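Visitor: Protein chains in written order, with the numbering used here: chain A, 226 to 853; chain B, 166 to 437. Supplied in structure tokens, the structure appears directly below.
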Amino acid sequence: MKIRQELTKISLKLIIAVGIATIAIISIYSFVSIQAQRNELLSQTEIYANKLSETIRNSTNLSMLENRSDQTHRIINTIAQEPGLREIRIFNKEGRIMFSSQKEFIGNMVDKKAEACYACHTANEPLEKLPMEERMRIYQTPQDSSRILGIINPIYNEQSCWEAECHVHPKEQKVLGVLDVKISLKDVDAQISSSASRSIAFAVIAIALLSLIIGIFVRRWVEKPVNELVTATEQVGTGNLNYMIKNLGSDELGLLAKSFNNMTQKLAEARIQLFQSDKMASLGRLAAGVAHEINNPLTAVLTYSSFLLKRIKDNPQLEEDLNVIVRETKRSREIVKSLLDFARQSVPKKNKSDINEIINSAISVVDNQLTLKQVKLEKNLDENLPPIKIDSNQMQQVFINLLVNASDAVNNREGKISITSKIVNLSAYGTLQIKSAVCSKRHSLVDEEEKIDSMPTIKLKVTSNGDVGYLNIDPIYGKNRDNYKIKIKNTANVQVSCPKCNISLLEKDVYCPKCKSLIYSFEVPPKGMFEKCINPKCDWQRWESVDEAGYRDFIEVKVSDNGCGISKENISKIFEPFYTTKGQKGTGLGLAVIWGIIDNHDGTINVASELNTGTTFTILLPADNNNA
Amino acid sequence: MLENMTKDEKILVIDDEQVILDAVSRIVTAEEIKVDVETNAKNALKMLSQKKYSIVLCDILMPEMDGFTVLEEIQNRKMNIPVIMITGYSTVENAVNSLYKGAIDFISKPFTFEELKSAINRGLEYSRVQKRLEEAKSQKNGGALTFVPCPPKYYRLGNLSWINIESEGIAILGATSLFLETIKELKNIELKNIDESIVQGDSCANFITRDELVHHFLSPIGGRIIERNENLSNEITLLEKDPYFKGWIYKIIPADLEHDLKFLVSCASDRL
Numbered sequence: 226m227k228i229r230q231e232l233t234k235i236s237l238k239l240i241i242a243v244g245i246a247t248i249a250i251i252s253i254y255s256f257v258s259i260q261a262q263r264n265e266l267l268s269q270t271e272i273y274a275n276k277l278s279e280t281i282r283n284s285t286n287l288s289m290l291e292n293r294s295d296q297t298h299r300i301i302n303t304i305a306q307e308p309g310l311r312e313i314r315i316f317n318k319e320g321r322i323m324f325s326s327q328k329e330f331i332g333n334m335v336d337k338k339a340e341a342c343y344a345c346h347t348a349n350e351p352l353e354k355l356p357m358e359e360r361m362r363i364y365q366t367p368q369d370s371s372r373i374l375g376i377i378n379p380i381y382n383e384q385s386c387w388e389a390e391c392h393v394h395p396k397e398q399k400v401l402g403v404l405d406v407k408i409s410l411k412d413v414d415a416q417i418s419s420s421a422s423r424s425i426a427f428a429v430i431a432i433a434l435l436s437l438i439i440g441i442f443v444r445r446w447v448e449k450p451v452n453e454l455v456t457a458t459e460q461v462g463t464g465n466l467n468y469m470i471k472n473l474g475s476d477e478l479g480l481l482a483k484s485f486n487n488m489t490q491k492l493a494e495a496r497i498q499l500f501q502s503d504k505m506a507s508l509g510r511l512a513a514g515v516a517h518e519i520n521n522p523l524t525a526v527l528t529y530s531s532f533l534l535k536r537i538k539d540n541p542q543l544e545e546d547l548n549v550i551v552r553e554t555k556r557s558r559e560i561v562k563s564l565l566d567f568a569r570q571s572v573p574k575k576n577k578s579d580i581n582e583i584i585n586s587a588i589s590v591v592d593n594q595l596t597l598k599q600v601k602l603e604k605n606l607d608e609n610l611p612p613i614k615i616d617s618n619q620m621q622q623v624f625i626n627l628l629v630n631a632s633d634a635v636n637n638r639e640g641k642i643s644i645t646s647k648i649v650n651l652s653a654y655g656t657l658q659i660k661s662a663v664c665s666k667r668h669s670l671v672d673e674e675e676k677i678d679s680m681p682t683i684k685l686k687v688t689s690n691g692d693v694g695y696l697n698i699d700p701i702y703g704k705n706r707d708n709y710k711i712k713i714k715n716t717a718n719v720q721v722s723c724p725k726c727n728i729s730l731l732e733k734d735v736y737c738p739k740c741k742s743l744i745y746s747f748e749v750p751p752k753g754m755f756e757k758c759i760n761p762k763c764d765w766q767r768w769e770s771v772d773e774a775g776y777r778d779f780i781e782v783k784v785s786d787n788g789c790g791i792s793k794e795n796i797s798k799i800f801e802p803f804y805t806t807k808g809q810k811g812t813g814l815g816l817a818v819i820w821g822i823i824d825n826h827d828g829t830i831n832v833a834s835e836l837n838t839g840t841t842f843t844i845l846l847p848a849d850n851n852n853a
Numbered sequence: 166m167l168e169n170m171t172k173d174e175k176i177l178v179i180d181d182e183q184v185i186l187d188a189v190s191r192i193v194t195a196e197e198i199k200v201d202v203e204t205n206a207k208n209a210l211k212m213l214s215q216k217k218y219s220i221v222l223c224d225i226l227m228p229e230m231d232g233f234t235v236l237e238e239i240q241n242r243k244m245n246i247p248v249i250m251i252t253g254y255s256t257v258e259n260a261v262n263s264l265y266k267g268a269i270d271f272i273s274k275p276f277t278f279e280e281l282k283s284a285i286n287r288g289l290e291y292s293r294v295q296k297r298l299e300e301a302k303s304q305k306n307g308g309a310l311t312f313v314p315c316p317p318k319y320y321r322l323g324n325l326s327w328i329n330i331e332s333e334g335i336a337i338l339g340a341t342s343l344f345l346e347t348i349k350e351l352k353n354i355e356l357k358n359i360d361e362s363i364v365q366g367d368s369c370a371n372f373i374t375r376d377e378l379v380h381h382f383l384s385p386i387g388g389r390i391i392e393r394n395e396n397l398s399n400e401i402t403l404l405e406k407d408p409y410f411k412g413w414i415y416k417i418i419p420a421d422l423e424h425d426l427k428f429l430v431s432c433a434s435d436r437l
């Protein structure tokens, strides 16, 4: 296991790779250089052998012509004294050894298949001319350890030969015999092998040294910084965001370490921010609980003490004491009140702000998280958006929440989130939400129980042919996704009323301009009256104050991801408080809070999602709210 | 002593904490007003249908049934009883919501003897005005109308305060005739300073009566005060004489008019 771990180490891999490359290069180089040396030495020996052979032939020439074999013998023997010379012999055409530096072989026949004759006698008809390089042969006899270089030198018939007095050689003979000189290659071989072993030793040392140097530097420049980075990542992974990597120089790994430090620092900041907002939320809940619980006993103290104080007018000492109680209880009251004020942040504090700036600052908060997850963020912001009146803190919270949700939904690496902002011009018809509705007796008609697209509907009581039922109206002006829970049989004879006080909502003597059915109406404070036709098949509706305003500019911000998506069953629940898919990790309040914030800004938030394809949140904020 | 006490006036206090009920009934009985107390909101509703009460004091956060439901139920049953909400969770949202949903007043816990007394005083006065109004209706003589409804252009917070949005994003606010009607013998009012901020549903002025009671005046909207009606300090009767015009209290620049308007009632709807 440990070896395996070692083997997978990047430094070892590097060393092995570089080592193999060095071995290959040095081996090839050594091999080539040994070969070259060997050839050089051999060719020198050959030249020497050739010259020697010529010298012997020339010096024996005269004694041959004079047929003085004893002189020939002497010359050969003298030359054969030369160190390294093994044997000098001359044999005639039949292969009989005529002269030899080793006397015991004189008179022996040479086997024509033997190495000395081989060059000429391979073909059936013996060659008479032999090129220089083919006269040479290197061989090793079994009884001898060193190699031997043999050189043959044919002795050709010349005019002086056949005209000599001995008349041994006729004129027709071409080759009279062969001079064969054998030189031992012992020294040469020793030189070659010593140079080869030197080369090999050099190669081995070079390889070892190179590996060592590479090893040291890899360890120093790669392994150590990488180990340091791994430790840092593990530390950050376990939650220690204060871990800082020591200065690792200015190379790529050093830069990586620097940006890692930068990232953890930002992450720590973001965590503090998140922690802070979480703390605020829990403090808010705590404050609400504490305030309620503490205020009851405080009430008893304050009422009784102030009541007592009122009745004691003739006892200054007691009055003073009671005054302290009243004063201090009032002080406690102020403390609790300020705690509640602090916890309560629902009322937006609106200022003219640039929405792109808010988006950018939200991105900077979550950027580190996205980088860590290697999620790609695409930003496409319209530079020419008008400033609008919004609570920048709350809006930032909205975008941070949406971006964090998106990054939770996508896979690492393949994840892509895009955020776009642009200005759109929409008719209120089909976009504007009816957020409040009252009957003429000021009863709210808004039904929080039944929702369309997560928005509360408007509930009306309908009586038709004696049946009593309810009608839930689509809160989006112009969308007509009304939910009739009663069958309307005769559109001229129905009653529409407030579910609470039964006051009629039907307009008198006014009929639908499209289908002549009855029309009901209710007030949408503070935006005037809303009118609609009772006929389920008719889409006529009118919201005069809104229609008069005509087309309105909205700033549209879209946050989309290519993540896991939301199923159809859950999409209606996502804006509900305490609905969460994140288990223990989430409070389920994020989107509910977002919804509240957007709602408080008179905007709308919609979600479109498909399982395993992605989710898009679209926020519309009125762009012309500057005067509000 | 409360003036104009009539023998048959009785109040009902609903709170899930016994100690609150004890404290309230102690004070109220000392003022010689009859009182019933109940810890359970459902029982309280039963009591309301059996007996006649002049006003109801009701806690908001209660187990089983909360104060808003009681308030709604009282209105659904057309009981015509003024309701004063009490809560320990005293946020302005709760105050504004209570008034929007039809409560006539809102007191936050913990309250002093004086605060409770002034609220009850106003509540009883309110119920008397209502009674007179009903009598006037049944007798069909319009002359008995003792208060002036606010002009149709105006918006009001409960029956306490009104605003009128002027041009250039400035709003004028004041007290409704009905609110002033419930405060007998106004001596003087304490106003906030110019440039101070006020919050919707929070007290923005104190109305002090001759019997030294301090009535908190809850602001209809939030914003910054840019002008206050200095004439009021010289001539306090301006308020009652002309509550909707010369008797204005502050001119303010609203902080978030659109948000605040959600909790206001258009005075135009009063005339339906």
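Glycine included, every Cβ here is placed at the ideal spot set by N, Cα and C. Computed from a predicted model, the values in this text were never measured in an experiment.
Taking C-beta pairs closer than 8 angstroms, name the residues in chain A that B:T277 reaches, listed in chain order.
Guide: Within 8 angstroms Cβ-Cβ: L527, T528, S531, V551, K555.
Visitor: Per DSSP, A:W387 forms a beta bridge with which residues?
Guide: A:W387 pairs with nothing; no bridge assigned.
Visitor: Give the secondary structure of B:S342 by DSSP, where H, G and I count as helix, E and B as strand, and everything else as coil.
Guide: Correct three-state label for B:S342: helix.
Visitor: Less than 8 angstroms between the C-beta atoms of B:I225 and B:D231, yes or no?
Guide: Closer than 8 angstroms, so yes.
Visitor: Run through chain B and tell me which residues come within less than 8 angstroms of A:C723, C-beta to C-beta.
Guide: Within chain B, no residue comes near A:C723; the closest Cβ sits about 10 angstroms away, beyond 8 angstroms.
Visitor: So that I know if they touch, is there some Cβ in chain A lying closer than 8 angstroms to that of B:Y254?
Guide: Yes, because at least one Cβ of chain A sits closer than 8 angstroms to the Cβ of B:Y254.
Visitor: DSSP three-state call for B:W413: helix, strand or coil?
Guide: Coil.
Visitor: Going by Cα to Cα distance, which pick from A:S255, A:S785, A:N825 is closest to A:A428?
Guide: For the residues A:S255, A:S785, A:N825, the minimum Cα distance to A:A428 belongs to A:S255.
Visitor: Looking at B:A370 and B:I414, is the spacing between their C-beta atoms short of 8 angstroms?
Guide: Yes, these two residues count as a Cβ contact at 8 angstroms.
Visitor: Does chain A have any CB closer than 8 angstroms to the CB of B:H381?
Guide: No, because no Cβ of chain A sits closer than 8 angstroms to the Cβ of B:H381.
Visitor: Assess, as a yes-or-no matter, whether the region 276-296 of chain B is touched by the region 189-197 of chain B under the definition of 3 or more beta carbon pairs within less than 8 angstroms.
Guide: Short answer: they touch.
Visitor: Have a look at the DSSP bridge pairing and note the partners of A:E639.
Guide: A:E639 is not bridged to any residue.
Visitor: Would A:Y709 pass as a contact of A:L730 if the rule is Cβ separation under 8 angstroms?
Guide: Against a cut-off of 8 angstroms, the Cβ pair of A:L730 and A:Y709 comes out as no contact.
Visitor: Anything in chain B within Cβ reach of A:E748, meaning under 8 angstroms, just list it in chain order.
Guide: Result: S431, S434.
Visitor: Quick check: is the beta carbon of B:D360 nearer than 8 angstroms to any beta carbon in chain A?
Guide: Output row for B:D360: interface = no.
Visitor: Consider the Cβ of B:L226: report whether some Cβ of chain A lies at a distance smaller than 8 angstroms.
Guide: So yes, B:L226 belongs to the interface.
Visitor: Measuring CA to CA, which of A:K491, A:Q460, A:E448 is closest to A:L473?
Guide: Ranking A:K491, A:Q460, A:E448 by Cα distance to A:L473 puts A:E448 first.
Visitor: When you compare each of A:P356, A:I373, A:E559, A:E358 to A:Y364 by their alpha carbons, which one comes out closest?
Guide: The option with the nearest alpha carbon to A:Y364 is A:I373.
Visitor: By Cβ distance below 7 angstroms, which residues in the same chain neighbour A:Q416 in space, the five residues on each side in sequence not counted?
Guide: For A:Q416, where only same-chain residues beyond five positions count, the Cβ hits under 7 angstroms are L266.
Visitor: Is it a yes or a no for the region 401-408 of chain A touching the region 301-321 of chain A, going by three-plus beta-carbon pairs under 8 angstroms?
Guide: Flag = yes, the region 401-408 of chain A and the region 301-321 of chain A touch.
Visitor: Does A:K676 get closer than 8 angstroms to chain B when you measure Cβ to Cβ?
Guide: It does not: the Cβ of A:K676 has no partner Cβ on chain B nearer than 8 angstroms.
Visitor: So that I know if they touch, is there some Cβ in chain B lying closer than 8 angstroms to that of A:S665?
Guide: Closer than 8 angstroms to some Cβ of chain B, the Cβ of A:S665 qualifies, so yes.
Visitor: So, A:S679 versus A:K712, is the Cβ gap smaller than 8 angstroms?
Guide: Cβ distance not < 8 angstroms, so A:S679 and A:K712 don't count as in contact.
Visitor: Quick check on the DSSP output: what are the complete alpha helix (DSSP H) runs of length 4 or more inside the region 216-255 of chain B, in order along the chain?
Guide: As far as the region 216-255 of chain B is concerned, its whole alpha helix (DSSP H) runs of at least 4 residues are 232-241.
Visitor: Output, in sequence order along the chain, the residues in the region 810-840 of chain A whose CB is closer than 7 angstroms to any CB in chain B.
Guide: If the cut-off is 7 angstroms between Cβ atoms, the region 810-840 of chain A has N825, D827 near chain B.
Visitor: Assuming A:E773 and A:M754 make a contact with CB atoms under 8 angstroms, what is their CB distance in whole Å?
Guide: That pair is no contact at about 12 angstroms.
Visitor: Does DSSP put A:S531 in a helix, in a strand, or in coil?
Guide: DSSP places A:S531 in helix when its eight states are reduced to three.
Visitor: From A:C723, A:S722, A:T682, A:E603, pick the residue whose C-alpha is nearest to that of A:N889; which is it?
Guide: The question about residue 889 of chain A has no answer here: the residues shown for chain A are numbered 226 through 853.
Visitor: Which residues in chain B have a C-beta closer than 8 angstroms to the C-beta of A:R777? List them in chain order.
Guide: Residues of chain B passing the Cβ test: none, with the nearest at roughly 14 angstroms.
Visitor: Would you verify that the beta carbon of B:K427 is, or is not, closer than 8 angstroms to some beta carbon of chain A?
Guide: By this cut-off, B:K427 is an interface position.
Visitor: What does A:P522 reach in chain B if we use C-beta pairs closer than 9 angstroms?
Guide: Within chain B, the residues near A:P522 are E182, V184, P275.
Visitor: Grouping DSSP H, G and I as helix and E and B as strand, with all else coil, what is A:I537?
Guide: The answer is coil: DSSP assigns A:I537 none of H, G, I, E or B.
Visitor: I think A:N292 touches A:C386, with their Cβ atoms under 8 angstroms apart; what is that distance to the nearest whole Å?
Guide: Between A:C386 and A:N292 the Cβ distance is about 11 angstroms, and since that is not below 8 angstroms, they are no contact.
Visitor: Beta-carbon separation of B:I359 and B:I391 under 8 angstroms?
Guide: Contact: yes.
Visitor: What whole-angstrom Cβ distance do B:L351 and B:I285 have, given they're in contact under 8 angstroms?
Guide: Contact doesn't hold; Cβ gap of about 18 angstroms is too wide.
Visitor: State the Cα-Cα distance for the pair A:L478 and A:E673, rounded to the nearest angstrom.
Guide: Approximately 57 angstroms between the Cα atoms of the pair.
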